[in-house]
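Inspection log for the structure reproduced underneath, given as C-alpha coordinates.
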Amino acid sequence: MKYFIVSDIEGVCGVLDAPEWIYENSKYKENANRLSTNELNAVISGIFAAEKANGNGEAKTEVVVCDGHGCGAIDPELLDERALYLNMRGLEYPFGLDSSFDAVMWVGQHAKSGTKFAHLAHTGSFSTLYTSVNGTETSEYIDVAYCAHELGVPVIFAGGDKAFAKEATELVPECVAVYTKWGLRKDDGKYLDAKAYETFNTPAIHLHPKKACALLKEGAYEAVDKLYKKGKAYFTMPSFPKPPYVWNYRERGSSESDIYEKRSEDSIISLFNSQMKKTSHP
2 MKYFIVSDIE GVCGVLDAPE WIYENSKYKE NANRLSTNEL NAVISGIFAA EKANGNGEAK
62 TEVVVCDGHG CGAIDPELLD ERALYLNMRG LEYPFGLDSS FDAVMWVGQH AKSGTKFAHL
122 AHTGSFSTLY TSVNGTETSE YIDVAYCAHE LGVPVIFAGG DKAFAKEATE LVPECVAVYT
182 KWGLRKDDGK YLDAKAYETF NTPAIHLHPK KACALLKEGA YEAVDKLYKK GKAYFTMPSF
242 PKPPYVWNYR ERGSSESDIY EKRSEDSIIS LFNSQMKKTS HP
(Lines of atoms letter the chains of each structure in order from A; the text may use other names.)
(Lines give C-alpha, C1' and ligand atoms only; values in the text may rest on other atoms or scores of the structure.)
Protein backbone atom coordinates (compact mmCIF):
# COMPACT_ATOMS: atom_id res chain seq x y z
CA MET A 2 0.00 0.00 0.00
CA LYS A 3 1.22 3.49 -0.88
CA TYR A 4 0.06 6.69 0.80
CA PHE A 5 0.68 10.26 -0.35
CA ILE A 6 0.45 12.94 2.35
CA VAL A 7 0.16 16.60 1.40
CA SER A 8 1.53 18.80 4.18
CA ASP A 9 0.96 22.50 4.81
CA ILE A 10 1.59 24.75 7.80
CA GLU A 11 -1.26 27.24 8.26
CA GLY A 12 -3.65 24.50 9.40
CA VAL A 13 -1.25 23.13 12.03
CA CYS A 14 -2.44 23.41 15.63
CA GLY A 15 -0.31 25.95 17.53
CA VAL A 16 0.69 27.92 14.43
CA LEU A 17 -0.81 31.18 15.61
CA ASP A 18 -0.45 33.77 12.86
CA ALA A 19 1.15 34.46 9.49
CA PRO A 20 3.86 37.10 10.09
CA GLU A 21 5.60 35.36 13.00
CA TRP A 22 5.04 31.70 12.11
CA ILE A 23 4.82 30.77 8.41
CA TYR A 24 7.55 32.59 6.49
CA GLU A 25 11.19 31.58 6.07
CA ASN A 26 12.45 34.32 8.38
CA SER A 27 9.51 34.33 10.79
CA LYS A 28 10.37 34.50 14.48
CA TYR A 29 8.73 31.17 15.34
CA LYS A 30 9.29 29.30 12.04
CA GLU A 31 11.37 26.54 13.69
CA ASN A 32 8.61 26.04 16.24
CA ALA A 33 6.06 25.84 13.43
CA ASN A 34 8.13 23.25 11.56
CA ARG A 35 8.40 21.14 14.70
CA LEU A 36 4.65 21.31 15.35
CA SER A 37 3.98 20.45 11.70
CA THR A 38 6.36 17.48 11.77
CA ASN A 39 4.81 16.21 15.01
CA GLU A 40 1.37 16.21 13.38
CA LEU A 41 2.73 14.35 10.37
CA ASN A 42 4.35 11.78 12.63
CA ALA A 43 1.03 11.25 14.40
CA VAL A 44 -0.69 10.57 11.08
CA ILE A 45 2.13 8.30 9.91
CA SER A 46 1.84 6.33 13.15
CA GLY A 47 -1.90 5.98 12.58
CA ILE A 48 -1.30 4.69 9.06
CA PHE A 49 1.18 2.04 10.14
CA ALA A 50 -0.98 0.97 13.10
CA ALA A 51 -3.96 0.47 10.78
CA GLU A 52 -1.80 -1.38 8.26
CA LYS A 53 -0.62 -3.73 11.00
CA ALA A 54 -4.17 -4.29 12.21
CA ASN A 55 -5.16 -5.23 8.65
CA GLY A 56 -2.33 -7.72 8.23
CA ASN A 57 0.37 -5.63 6.56
CA GLY A 58 3.89 -5.21 7.91
CA GLU A 59 5.96 -2.05 7.62
CA ALA A 60 7.92 -3.45 4.68
CA LYS A 61 4.71 -3.56 2.61
CA THR A 62 3.70 0.03 3.37
CA GLU A 63 5.10 3.16 1.74
CA VAL A 64 4.34 6.69 2.95
CA VAL A 65 5.49 9.71 0.93
CA VAL A 66 5.20 13.12 2.60
CA CYS A 67 4.94 16.05 0.18
CA ASP A 68 6.08 19.29 1.81
CA GLY A 69 3.46 21.58 0.29
CA HIS A 70 4.35 24.83 2.07
CA GLY A 71 6.18 27.43 -0.02
CA CYS A 72 9.33 27.74 2.11
CA GLY A 73 8.96 24.31 3.69
CA ALA A 74 7.18 23.19 6.84
CA ILE A 75 8.95 19.98 7.88
CA ASP A 76 12.03 19.23 9.96
CA PRO A 77 13.49 16.21 8.08
CA GLU A 78 15.48 15.08 11.13
CA LEU A 79 12.31 14.85 13.23
CA LEU A 80 10.19 13.17 10.55
CA ASP A 81 9.25 9.53 11.21
CA GLU A 82 12.02 7.47 9.59
CA ARG A 83 9.45 5.15 8.00
CA ALA A 84 8.32 7.98 5.71
CA LEU A 85 9.88 9.37 2.54
CA TYR A 86 10.25 13.15 2.27
CA LEU A 87 9.32 14.86 -1.01
CA ASN A 88 10.39 18.44 -1.76
CA MET A 89 7.77 19.43 -4.35
CA ARG A 90 9.15 22.83 -5.30
CA GLY A 91 9.74 22.96 -9.06
CA LEU A 92 7.31 20.12 -9.79
CA GLU A 93 4.13 20.55 -11.80
CA TYR A 94 0.71 19.38 -10.59
CA PRO A 95 0.10 17.06 -8.86
CA PHE A 96 3.54 17.38 -7.24
CA GLY A 97 4.68 13.77 -7.31
CA LEU A 98 1.30 12.11 -6.85
CA ASP A 99 0.56 9.45 -9.46
CA SER A 100 -1.77 6.51 -10.03
CA SER A 101 0.54 4.10 -8.17
CA PHE A 102 -0.69 5.47 -4.84
CA ASP A 103 -3.61 3.87 -3.01
CA ALA A 104 -4.73 7.02 -1.17
CA VAL A 105 -3.98 10.70 -0.58
CA MET A 106 -4.20 12.49 2.77
CA TRP A 107 -3.82 16.07 4.03
CA VAL A 108 -2.16 17.33 7.22
CA GLY A 109 -1.98 20.93 8.47
CA GLN A 110 -4.19 22.23 5.71
CA HIS A 111 -6.17 25.49 5.73
CA ALA A 112 -9.41 26.55 4.03
CA LYS A 113 -9.73 28.54 0.82
CA SER A 114 -9.62 32.32 0.62
CA GLY A 115 -12.73 34.07 1.92
CA THR A 116 -13.89 31.23 4.18
CA LYS A 117 -15.78 32.34 7.28
CA PHE A 118 -14.66 31.07 10.72
CA ALA A 119 -11.35 29.95 9.20
CA HIS A 120 -7.80 30.34 10.48
CA LEU A 121 -5.17 31.80 8.13
CA ALA A 122 -7.38 30.97 5.14
CA HIS A 123 -6.00 31.73 1.68
CA THR A 124 -5.54 30.14 -1.74
CA GLY A 125 -1.92 30.04 -2.83
CA SER A 126 -1.25 33.43 -1.25
CA PHE A 127 -3.07 36.08 0.74
CA SER A 128 -3.32 38.21 -2.43
CA THR A 129 -5.79 35.78 -4.05
CA LEU A 130 -9.45 36.76 -3.92
CA TYR A 131 -10.57 33.47 -5.43
CA THR A 132 -9.80 30.68 -7.86
CA SER A 133 -12.50 28.60 -9.54
CA VAL A 134 -13.02 25.66 -11.87
CA ASN A 135 -16.09 25.79 -14.09
CA GLY A 136 -17.53 28.50 -11.86
CA THR A 137 -17.05 26.73 -8.51
CA GLU A 138 -14.55 28.28 -6.09
CA THR A 139 -11.59 26.02 -5.38
CA SER A 140 -8.68 25.83 -2.96
CA GLU A 141 -5.19 24.38 -2.61
CA TYR A 142 -6.81 21.19 -1.29
CA ILE A 143 -9.53 21.01 -3.93
CA ASP A 144 -7.10 21.49 -6.82
CA VAL A 145 -4.89 18.56 -5.78
CA ALA A 146 -7.91 16.46 -4.80
CA TYR A 147 -9.29 16.97 -8.32
CA CYS A 148 -5.97 15.75 -9.73
CA ALA A 149 -6.07 12.71 -7.44
CA HIS A 150 -9.60 11.91 -8.59
CA GLU A 151 -8.51 12.06 -12.23
CA LEU A 152 -5.71 9.60 -11.38
CA GLY A 153 -8.09 7.26 -9.56
CA VAL A 154 -6.53 7.91 -6.14
CA PRO A 155 -9.10 8.41 -3.34
CA VAL A 156 -9.00 11.22 -0.77
CA ILE A 157 -9.34 9.44 2.59
CA PHE A 158 -8.16 11.87 5.29
CA ALA A 159 -8.00 15.60 5.95
CA GLY A 160 -6.46 17.30 9.00
CA GLY A 161 -6.38 21.03 9.72
CA ASP A 162 -8.65 23.75 11.08
CA LYS A 163 -12.42 23.31 11.41
CA ALA A 164 -13.28 25.34 8.31
CA PHE A 165 -10.94 23.18 6.24
CA ALA A 166 -12.45 19.98 7.67
CA LYS A 167 -15.84 21.20 6.44
CA GLU A 168 -14.38 22.02 3.03
CA ALA A 169 -12.79 18.57 2.82
CA THR A 170 -15.97 16.62 3.59
CA GLU A 171 -18.09 18.81 1.31
CA LEU A 172 -15.88 17.61 -1.55
CA VAL A 173 -15.44 14.00 -0.37
CA PRO A 174 -18.21 13.19 2.14
CA GLU A 175 -16.69 9.86 3.21
CA CYS A 176 -13.17 11.11 3.98
CA VAL A 177 -12.21 11.27 7.65
CA ALA A 178 -11.74 14.91 8.67
CA VAL A 179 -10.07 15.99 11.91
CA TYR A 180 -9.89 19.59 13.10
CA THR A 181 -7.54 20.82 15.81
CA LYS A 182 -8.37 24.55 15.91
CA TRP A 183 -11.13 26.88 14.74
CA GLY A 184 -11.27 30.48 13.61
CA LEU A 185 -13.47 33.12 15.17
CA ARG A 186 -14.00 35.60 12.33
CA LYS A 187 -17.63 35.69 11.17
CA ASP A 188 -16.79 37.79 8.11
CA ASP A 189 -15.27 36.56 4.83
CA GLY A 190 -12.85 39.50 4.45
CA LYS A 191 -13.29 39.57 0.67
CA TYR A 192 -13.17 43.38 0.64
CA LEU A 193 -9.65 43.47 2.17
CA ASP A 194 -6.36 43.90 0.34
CA ALA A 195 -3.62 41.27 0.68
CA LYS A 196 -1.77 42.96 3.55
CA ALA A 197 -4.92 43.36 5.65
CA TYR A 198 -6.21 39.88 4.84
CA GLU A 199 -2.93 38.27 5.95
CA THR A 200 -3.75 39.04 9.60
CA PHE A 201 -7.55 39.06 9.32
CA ASN A 202 -8.06 35.38 10.20
CA THR A 203 -5.66 35.35 13.16
CA PRO A 204 -8.23 34.98 16.02
CA ALA A 205 -8.72 31.28 16.76
CA ILE A 206 -9.02 28.66 19.47
CA HIS A 207 -6.39 25.88 19.47
CA LEU A 208 -6.30 22.49 21.14
CA HIS A 209 -3.13 21.52 22.97
CA PRO A 210 -0.70 20.18 20.34
CA LYS A 211 -0.47 16.80 22.10
CA LYS A 212 -4.26 16.46 22.03
CA ALA A 213 -4.22 17.48 18.37
CA CYS A 214 -1.69 14.77 17.52
CA ALA A 215 -3.72 12.13 19.36
CA LEU A 216 -6.83 13.03 17.36
CA LEU A 217 -4.91 13.04 14.09
CA LYS A 218 -3.46 9.60 14.78
CA GLU A 219 -6.93 8.23 15.57
CA GLY A 220 -8.34 9.80 12.40
CA ALA A 221 -5.59 8.43 10.18
CA TYR A 222 -6.12 4.96 11.63
CA GLU A 223 -9.86 5.22 10.95
CA ALA A 224 -9.29 6.40 7.37
CA VAL A 225 -6.93 3.55 6.48
CA ASP A 226 -9.20 1.03 8.18
CA LYS A 227 -12.10 2.32 6.06
CA LEU A 228 -9.97 1.98 2.95
CA TYR A 229 -9.36 -1.68 3.75
CA LYS A 230 -12.92 -2.50 4.75
CA LYS A 231 -14.84 -0.48 2.16
CA GLY A 232 -12.41 -0.09 -0.76
CA LYS A 233 -11.34 2.86 -2.88
CA ALA A 234 -14.74 3.33 -4.51
CA TYR A 235 -16.26 4.18 -1.12
CA PHE A 236 -14.55 7.61 -1.15
CA THR A 237 -16.63 9.52 -3.69
CA MET A 238 -16.39 13.01 -5.19
CA PRO A 239 -19.94 13.85 -6.35
CA SER A 240 -19.13 17.40 -7.44
CA PHE A 241 -16.15 16.63 -9.68
CA PRO A 242 -16.50 18.97 -12.68
CA LYS A 243 -17.18 17.83 -16.23
CA PRO A 244 -15.01 18.81 -19.22
CA PRO A 245 -14.17 21.14 -20.78
CA TYR A 246 -12.43 22.71 -17.80
CA VAL A 247 -12.01 26.44 -17.23
CA TRP A 248 -9.95 27.81 -14.33
CA ASN A 249 -10.26 31.45 -13.26
CA TYR A 250 -8.18 33.56 -10.89
CA ARG A 251 -8.89 36.99 -9.49
CA GLU A 252 -6.53 39.02 -7.32
CA ARG A 253 -7.59 41.08 -4.33
CA GLY A 254 -8.17 44.71 -5.22
CA SER A 255 -8.75 43.98 -8.91
CA SER A 256 -11.87 44.88 -10.88
CA GLU A 257 -14.58 42.32 -11.60
CA SER A 258 -13.52 42.17 -15.25
CA ASP A 259 -9.81 41.73 -14.48
CA ILE A 260 -9.51 37.93 -14.42
CA TYR A 261 -6.89 35.35 -15.38
CA GLU A 262 -7.88 32.10 -17.05
CA LYS A 263 -6.68 28.63 -18.02
CA ARG A 264 -8.45 26.07 -20.21
CA SER A 265 -8.28 22.35 -20.96
CA GLU A 266 -10.65 20.28 -23.03
CA ASP A 267 -10.19 16.98 -21.25
CA SER A 268 -7.81 16.95 -18.26
CA ILE A 269 -7.82 18.63 -14.85
CA ILE A 270 -4.08 18.02 -14.48
CA SER A 271 -3.40 19.61 -17.86
CA LEU A 272 -5.65 22.50 -16.82
CA PHE A 273 -3.58 23.35 -13.75
CA ASN A 274 -0.32 23.03 -15.68
CA SER A 275 -1.47 25.12 -18.66
CA GLN A 276 -0.44 28.71 -19.29
CA MET A 277 -2.38 31.41 -17.45
CA LYS A 278 -3.76 34.17 -19.67
CA LYS A 279 -5.40 37.47 -18.84
CA THR A 280 -8.98 37.78 -20.02
CA SER A 281 -11.81 40.28 -19.70
CA HIS A 282 -15.17 39.18 -18.34
CA PRO A 283 -18.21 41.41 -18.76
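Going letter by letter, the sequence shown gives residues 2 to 283 in our numbering.
Note that beta-carbon positions come from the ideal geometry of N, C-alpha and C, so glycine has one too.
Check the Cα spacing between residue 153 and each of 236, 271, 128, 191: the tightest is with 236.
When the Cα atoms are used, residue 203 and residue 27 turn out to be separated by approximately 15 angstroms.
Rounded to whole angstroms, the separation of the alpha carbons of residue 210 and residue 51 is 22 angstroms. For the pair residue 158 and residue 5, the CB atoms are not nearer than the 8 angstroms cut-off. Here the alpha carbon of residue 172 sits roughly 28 angstroms from the alpha carbon of residue 33.
Contact between the segment 166 to 183 and the segment 213 to 220 is established, with three or more Cβ pairs separated by less than 8 angstroms. For residue 68, the uninterrupted beta strand (DSSP E) run begins and ends at 63 to 68, by DSSP.
Listed in chain order, the beta strand (DSSP E) runs fully inside the segment 132 to 184 are 156 to 161, 177 to 180, 182 to 184, counting runs of at least 3 residues.
For the segment 202 to 271, the continuous beta strand (DSSP E) assignments of 3+ residues that do not extend past its boundaries occur at 205 to 207, 246 to 252, 259 to 265, in sequence order. Using a Cβ distance threshold of 8 angstroms, residue 12 and residue 162 count as a contacting pair. The alpha carbon of residue 276 has as its nearest neighbour, out of 263, 155, 147, 267, the alpha carbon of 263.
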